[in-house]
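J.: Attaching a single structure in structure tokens format; questions to follow.
Encoded structure:
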């Protein structure tokens with residue numbers, strides 16, 4: 001197992017009576033892409049701010065690269081890249097000036113800026129003032145500043161909200177490269193579907209608590225959400241698919257010749273084999289695993305139920 | 311310390327870019343030149359050096375104008391950046407919070423210093439060019455006036471930062487800044503005068519008065535400039551006061567520096583506890 005870069009132990013944060021983060025244990029490791037998902041107000045941004053020392057924990061311990069972020073920790077912060085949610089940059093500066101300012105603050109040579117600007121695709125507009133930038137360009141320059149000095153930890157708060165699909169793709173590509181190079185990349189988002197393929201691990205937050213933490217497969221396993229198999233079989237016998245799949249699955253007719261079968265993911269292969277052995281061959285089959293959205297919804301429901309039981 | 315210089319440099323560039331520096335320099339230069347050229351006309355017959363007159367008029371201008379400008383460039387510095395969200399990003403960099411305050415303070419004071427030296431310097435230059443005999447002591451008084459104007463500005467920049475780091479909403483910081491300006495330039499002296507008149511010299515001794523005057527940076531500035539030089543105090547009508555006061559110039563200058571240092575340290579302490 002690779003080195004832990006961020007370590008949160010029973011971390012809490014409250015603002016007066018309002019609990020923003022409650023008893024979160026979390027370990028982030030080098031080379032990992034972590035998706036931090038949750039509703040607005042679930043505590044994602046607060047968790048990131050705690051890691052940066054922008055807010056102090058009300059309880060528990062935080063260690064980032066071996067230091068406590070709320071107390072100095074300048075050495076750790078020189079190895080962190082941060083892209084805040086709703087990024088605001090000084091409108092009168094040009095992209096290039098902004099990069100020079102931040103590179104100097106990080107003690108990094110200004111000569112590396114050009115390569116970063118090219119990598120995020122904003123080099124051509126770097127001479128223009130930021131107030132002339134589109135939303136996508138502002139996010140690009142925001143990502144560029146976060147990449148200064150090859151950070152070991154990248155904390156990106158809703159980095160792709162409001163971006164077009166092509167730009168999102170290029171953002172994820174860069175994040176993947178960084179994680180491959182050994183960086184810890186934490187992305188908070190409520191755009192769950194797109195994070196599924198872009199993260200090694202998913203942490204679900206709800207009302208300040210961590211309600212799930214694991215790889216997408218682990219979460220699928222825990223959530224026990226069924227796999228959906230949609231099959232088109234030109235048969236007049238509505239009960240044929242039901243007889244074929246047997247007890248291992250539930251079958252429902254949803255069109256004249258279309259049936260939806262729900263089964264546990266462990267039974268998936270068996271169900272497909274049984275369908276393939278049908279006397280009336282199927283014309284089309286579509287298998288969909290539970291999406292991150294469904295898994296997320298499951299963990300939220302579970303959380304609500306366990307709270308109601310308390 | 312490097313971060314302090316980087317942040318100060320950015321403040322100066324921002325000041326140049328948003329034309330604050332130009333506007334301040336032009337304003338101070340215009341007012342100073344107007345006072346110099348119009349105000350020195352009647353001095354020919356009373357035997358006072360025109361430069362002493364300029365020191366008196368510019369000092370009176372400074373007491374109202376410099377604190378106002380200083381508060382205007384400082385009240386938004388912390389609360390505004392926190393409100394807009396740029397402070398969070400800045401503090402995610404390896405920068406200590408006191409370095410942010412110190413850097414901003416140095417930048418703002420440099421801008422104010424530049425505007426004062428150029429603006430008031432233009433008045434001095436105009437006087438030197440238009441001729442008239444000026445004794446060396448008057449030039450000394452002029453130099454002290456320019457230097458203490460910058461110190462006065464620095465003190466109000468620091469007070470502006472204190473207001474800015476105490477509140478979350480920049481508009482509230484703006485309100486506090488206006489209150490500070492009114493308090494120190496008008497209310498404090500009126501209240502002090504009221505107390506002196508009501509007291510009839512029974513409890514307020516000279517020592518206590520000295521102490522009370524040190525409690526207002528604008529008064530410290532006034533004392534330093536209007537009573538510090540005999541010619542100036544004669545013309546300013548403060549010669550009587552000058553004899554009564556026992557504060558040496560160095561103590562007054564030190565008091566002005568303390569008026570920058572203390573609010574600045576308080577502001578750094580408050581800001582260190584703030585959450586983004």
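Residue numbers (the numbering used here), protein chains in the order written: chain A, 1 to 310; chain B, 311 to 586.
The beta carbon of each residue, even a glycine, is placed where N, CA and C say it ideally should be.
No experiment lies behind these values; they were computed from the predicted model shown.
Residues in the segment 101-126 of chain A with C-beta within 9 Å of chain B's C-beta atoms, listed in sequence order?
T.: 101, 102, 104, 105, 106 and 107
J.: Counting contacts by CB-CB distance shorter than 8 Å, is residue 288 of chain A in contact with chain B?
T.: no
J.: What are the start and end residues of the beta strand (DSSP E) that includes residue 35 of chain A?
T.: 33-37
J.: Does any heavy atom of the ligand COA sit closer than 7 Å to the C-beta of residue 248 of chain A?
T.: Absence of the ligand COA from the depicted structure is noted, as is the absence of any ligand whatsoever, leaving it without description.
J.: Going by the DSSP bridge assignment, what does residue 82 of chain A pair with across the sheet?
T.: Answer is A/155.
J.: If the cut is a Cβ gap below 7 Å, which residues of chain B does residue 179 of chain A touch?
T.: The contacting residues do not exist; residue 179 of chain A stays about 20 Å from chain B at best.
J.: Could you give the DSSP three-state label for residue 230 of chain A: helix, strand or coil?
T.: strand
J.: Just to make sure I have the definition right: I need the residues of chain B whose C-beta is within less than 8 Å of the C-beta of residue 92 of chain A. Which are they?
T.: 324, 327 and 328
J.: Terminal residues of the continuous alpha helix (DSSP H) containing residue 274 of chain A?
T.: 268-276 is the span of the alpha helix (DSSP H), which, as asked, contains residue 274 of chain A.
J.: Residues of chain B with a CB under 7 Å from the CB of residue 86 of chain A: which are they?
T.: 395
J.: What does the alpha-carbon distance come out to for the pair residue 415 of chain B and residue 161 of chain A?
T.: 36 Å
J.: Which whole-angstrom value is the C-beta distance of residue 421 of chain B and residue 331 of chain B, which I expect to be below 8 Å?
T.: 5 Å
J.: What are the boundary residues of the alpha helix (DSSP H) that includes residue 169 of chain A?
T.: Its alpha helix (DSSP H) spans residues 165-180.
J.: Do you know offhand how far residue 62 of chain A's Cα is from residue 37 of chain A's?
T.: 20 Å
J.: Does the beta carbon of residue 56 of chain A come closer than 8 Å to any beta carbon on chain B?
T.: yes
J.: Within 10 Å of its beta-carbon, does residue 320 of chain B have 16 or more other beta-carbons around it, so buried, or fewer, so exposed?
T.: buried
J.: Cβ closer than 9 Å: which chain A residues qualify as neighbours of residue 316 of chain B?
T.: 101, 104 and 105
J.: Along the chain, which unbroken stretches of the alpha helix (DSSP H) at least 4 residues long are found entirely within the segment 71-153 of chain A?
T.: 74-77, 95-105, 113-119 and 135-146
J.: Would residue 399 of chain B pass as an interface residue toward chain A - the criterion being a Cβ-Cβ separation below 8 Å?
T.: Residue-level contact by beta carbon holds for residue 399 of chain B and chain A, with a gap shorter than 8 Å.
J.: Using beta-carbon positions only, say whether residue 390 of chain B and residue 419 of chain B come within less than 8 Å of one another.
T.: no
J.: Could you say which of A/102, A/110 and A/127 lies nearest to residue 145 of chain A if we only look at CA atoms?
T.: A/102
J.: Would you kindly work out how many angstroms separate the C-alpha atoms of residue 241 of chain A and residue 234 of chain A, rounded to a whole number?
T.: 11 Å
J.: Looking at chain B, is there any beta carbon in it that lies within less than 8 Å of the beta carbon of residue 52 of chain A?
T.: yes
J.: Using the beta-carbon of each residue, which ones in chain A are nearer than 7 Å to residue 586 of chain B?
T.: 49, 54 and 55
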